[in-house]
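Number of protein chains: 4
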Amino acid sequence: MAVQVAVCGPGRCSAAEWRRAQETGRLLALRSAVVLCGGYGGVMAAVAAGARSAGGVVVGVLSAADRSGAGPDLTVALPTGLGQARNHVIVNAADAVIVVGGSWGTLSELALAMRRGRVPVVQLGGWTVRDEQGRPPGGVLHARDPREAVAMTGLWP
Amino acid sequence: MAVQVAVCGPGRCSAAEWRRAQETGRLLALRSAVVLCGGYGGVMAAVAAGARSAGGVVVGVLSAADRSGAGPDLTVALPTGLGQARNHVIVNAADAVIVVGGSWGTLSELALAMRRGRVPVVQLGGWTVRDEQGRPPGGVLHARDPREAVAMTGLWP
Amino acid sequence: MAVQVAVCGPGRCSAAEWRRAQETGRLLALRSAVVLCGGYGGVMAAVAAGARSAGGVVVGVLSAADRSGAGPDLTVALPTGLGQARNHVIVNAADAVIVVGGSWGTLSELALAMRRGRVPVVQLGGWTVRDEQGRPPGGVLHARDPREAVAMTGLWP
Amino acid sequence: MAVQVAVCGPGRCSAAEWRRAQETGRLLALRSAVVLCGGYGGVMAAVAAGARSAGGVVVGVLSAADRSGAGPDLTVALPTGLGQARNHVIVNAADAVIVVGGSWGTLSELALAMRRGRVPVVQLGGWTVRDEQGRPPGGVLHARDPREAVAMTGLWP
Chain A
402 MAVQVAVCGP
412 GRCSAAEWRR
422 AQETGRLLAL
432 RSAVVLCGGY
442 GGVMAAVAAG
452 ARSAGGVVVG
462 VLSAADRSGA
472 GPDLTVALPT
482 GLGQARNHVI
492 VNAADAVIVV
502 GGSWGTLSEL
512 ALAMRRGRVP
522 VVQLGGWTVR
532 DEQGRPPGGV
542 LHARDPREAV
552 AMTGLWP
Chain B
402 MAVQVAVCGP
412 GRCSAAEWRR
422 AQETGRLLAL
432 RSAVVLCGGY
442 GGVMAAVAAG
452 ARSAGGVVVG
462 VLSAADRSGA
472 GPDLTVALPT
482 GLGQARNHVI
492 VNAADAVIVV
502 GGSWGTLSEL
512 ALAMRRGRVP
522 VVQLGGWTVR
532 DEQGRPPGGV
542 LHARDPREAV
552 AMTGLWP
Chain C
402 MAVQVAVCGP
412 GRCSAAEWRR
422 AQETGRLLAL
432 RSAVVLCGGY
442 GGVMAAVAAG
452 ARSAGGVVVG
462 VLSAADRSGA
472 GPDLTVALPT
482 GLGQARNHVI
492 VNAADAVIVV
502 GGSWGTLSEL
512 ALAMRRGRVP
522 VVQLGGWTVR
532 DEQGRPPGGV
542 LHARDPREAV
552 AMTGLWP
Chain D
402 MAVQVAVCGP
412 GRCSAAEWRR
422 AQETGRLLAL
432 RSAVVLCGGY
442 GGVMAAVAAG
452 ARSAGGVVVG
462 VLSAADRSGA
472 GPDLTVALPT
482 GLGQARNHVI
492 VNAADAVIVV
502 GGSWGTLSEL
512 ALAMRRGRVP
522 VVQLGGWTVR
532 DEQGRPPGGV
542 LHARDPREAV
552 AMTGLWP
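Chains as they are written, first to last, in the numbering used here: chain A, 402 to 558; chain B, 402 to 558; chain C, 402 to 558; chain D, 402 to 558.
Here's what the structure looks like:
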């Protein structure tokens, strides 16, 4: 079975984040990874567009109970009807998680991925977290660009 | 986006059920439908095998938190970690639901699909339901073979 | 911790079903059981009314994302936002499941409870299930009245 | 129906966090709020102990499929079998969310509560979040002690 990588990010994003997410999707599809995402706009749409441009398979795990609002580049759109509980499904189903940009929903996916703790979690920009001592809690990998993010997953040694 | 059809059935099945599920998967893939299933053995494995034999895309929505036990013919395996709550996801994400064979888990999927009520639900054999007056509650379609089941979804008029 | 019993049934019910559900709730509360239900009308409201009349604790596990439509007799209303996936939560959290009346949603709860398989499942009227040979699949207990239903849970020997 | 307040925090905590969580639970129960929590140890057990000491109702929404590991002071323990997707249920069911201490799981609850966006979210110590410009994303309230945290929910004006 193919490797599966979740790419998480906000439903609205800057042009720079769009390019990063799109390139990340493209690089993952070139490596034959299945891309998992939230299935809507912004970073989710960008990563789907990138993966599709390279002939990849993209699964959008939607929060809503129907497919309205789903992006145009998804291979499969799964309307879970679970609300934001679907964030857990996205990161739980992945062999690695890449986070592009920041929002509360995105942060919940980053935190759920770290809570799960079994797979690499790589951040490309976005929000940061500090513990009680003002230090990063540790464990999140930080990449400078999509190529480095994909490499940091460790899935293609 | 492609049409999506859920095929539900028990994790252990008879040889006749295996053939029916496999043929159903094959016919759906030939029509370019994405097949959704529970991702494990029995009917789930048979429908995946059939869809794959025709070059189709099959998504296994797993109850467990990891991919152990997932069938070999899935394009994507989504370990949801939701237990049997994943049955809701499978039927909620489908444009039509086909049920092959019977078990309590299978019946929960049939009932959740009928409770949702927006898409055709077709049974190929399996368990039956009677209301307080001993009559079928109505709404479930009954097919004699995979070809009729696929036709009864109404997705390919 | 108190014993927890789920009482499942349709959101619309007959007067006879209302009385059965209410009496079931009352009997459970008298035995200090926490009552779990779906939290809306019909059988769910009746069992909550009965439990409350005897000073019991009733938890309504709601499908919606907010409390609108929740019945007036719940001690706690949990809007899960999970849709019908919440049916899994209701029966999974119970030490016994009592089903009053029939509907597709109710049948999904009966089936999920039987699929789980660790606790007694008692039916008070409602729909029935037949396997491929026309026989009841076995395992569901059938009670004639609320008192017998509560006794059949085996929680108060 | 009673007001419902979720209190979130790590399963292991310092003595100072225990005292804060316990006092928060006590103050909420004195105001007749139902307390929702994750149902296990650390901050979850402390808030349950505090609420129970004041005669309050505490619901533990467990991630696991059974009640093993549930704290001793819960009025109701709901084993959801949803894994960390239950974090969404906890914060979605609350009229206000109070966060004590920090961990990845706790951060996911904070983020899910902020993503939901309809109710006050108050932090008592714990981890902090910075956006791309190094600023707090805004919206989270910060309290110095349990009394202030409870007041900041705005539920008892």
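Cβ atoms here follow ideal geometry from the backbone N, Cα and C, with glycine treated the same way.
CB contact below 9 Å: residue i versus chain D
i, result
"N493(C)", "yes"
"V522(C)", "no"
Strand pairing of residue i, partner residues [DSSP]
i, result
"Q405(B)", "V435(B)"
"V501(D)", "L525(D)"
"R531(C)", "T529(B)"
"L542(A)", "V523(A)"
CB contact check: residue i to chain B, cutoff 9 Å
i, result
"R421(C)", "no"
"G482(A)", "yes"
"L542(C)", "no"
"R432(A)", "no"
"A466(D)", "yes"
"A446(A)", "no"
"R516(C)", "yes"
"A442(C)", "Checking the sequence, you will find Gly at residue 442(C) rather than Ala. No, its Cβ sits nowhere closer than 9 Å to a Cβ of chain B."
Between the CA atoms of residue j and residue i - distance to the nearest angstrom
i, j, result
"G472(B)", "V551(A)", "27 Å"
"V436(C)", "S433(A)", "50 Å"
"V490(C)", "R516(A)", "22 Å"
"R559(D)", "A486(B)", "Chain D is shown from 402 up to 558; residue 559(D) falls before or after that span and cannot be answered."
"G470(D)", "G442(D)", "8 Å"
"A407(A)", "R420(D)", "39 Å"
"V458(A)", "A495(A)", "14 Å"
"L525(A)", "E418(B)", "48 Å"
"L475(A)", "G439(A)", "10 Å"
"V462(A)", "P547(C)", "43 Å"
"A449(B)", "V498(C)", "34 Å"
"M402(A)", "V520(C)", "37 Å"
"A430(D)", "V404(D)", "10 Å"
"E549(A)", "G555(A)", "10 Å"
"G484(C)", "G540(D)", "28 Å"
"C409(D)", "S464(D)", "13 Å"
"G506(B)", "G506(C)", "14 Å"
"A416(B)", "A416(A)", "55 Å"
CB contact below 9 Å: residue i versus chain A
i, result
"A486(C)", "yes"
"G439(C)", "no"
"A478(C)", "no"
"A471(C)", "no"
"A512(D)", "yes"
"D560(D)", "Here chain D comprises residues numbered 402 to 558, so residue 560(D) is not present and cannot be evaluated."
"V530(D)", "yes"
"V406(B)", "no"
"G410(D)", "no"
"G506(D)", "yes"
"V460(B)", "yes"
"V576(D)", "Residue 576(D) lies beyond the range of chain D shown here (402 to 558); nothing can be said about it."
"A403(B)", "yes"
Same chain, Cβ closer than 6 Å to residue i, five either side skipped, listed in chain order
i, result
"L511(A)", "V500"
"M553(B)", "V523, L542, A544"
"V460(A)", "L437, V477"
"A514(B)", "V492, V498, V522"
"R468(D)", "A478, P480"
"W363(D)", "It is not possible to answer for residue 363(D), since the shown part of chain D is limited to 402 through 558."
Beta-carbon contacts of residue i that lie in its chain and below 7 Å, excluding the five residues immediately before and after
i, result
"N493(D)", "R517"
"P538(A)", "V530, D532"
"A466(C)", "P480, G482"
"S504(A)", "P411"
"W528(D)", "G503, L508"
"R427(D)", "G451, A452, S454, A455"
"E424(D)", "G451, P547"
Sequence-distant residues of the same chain with beta carbon closer than 8 Å to residue i, five excluded per side
i, result
"C414(C)", "A422, G443, V444, A447, V501, G502"
"G535(C)", "none"
Min CB distance residue i to chain C below 9 Å
i, result
"P558(B)", "no"
Minimum Cβ-Cβ distance from residue i to chain F less than 9 Å
i, result
"L428(A)", "This model lacks chain F altogether, as its protein chains are A, B, C and D."
*Which runs of the alpha helix (DSSP H), 4 residues or longer, sit entirely within the region 452 to 506 of chain D?*
The qualifying runs are 487 to 493.
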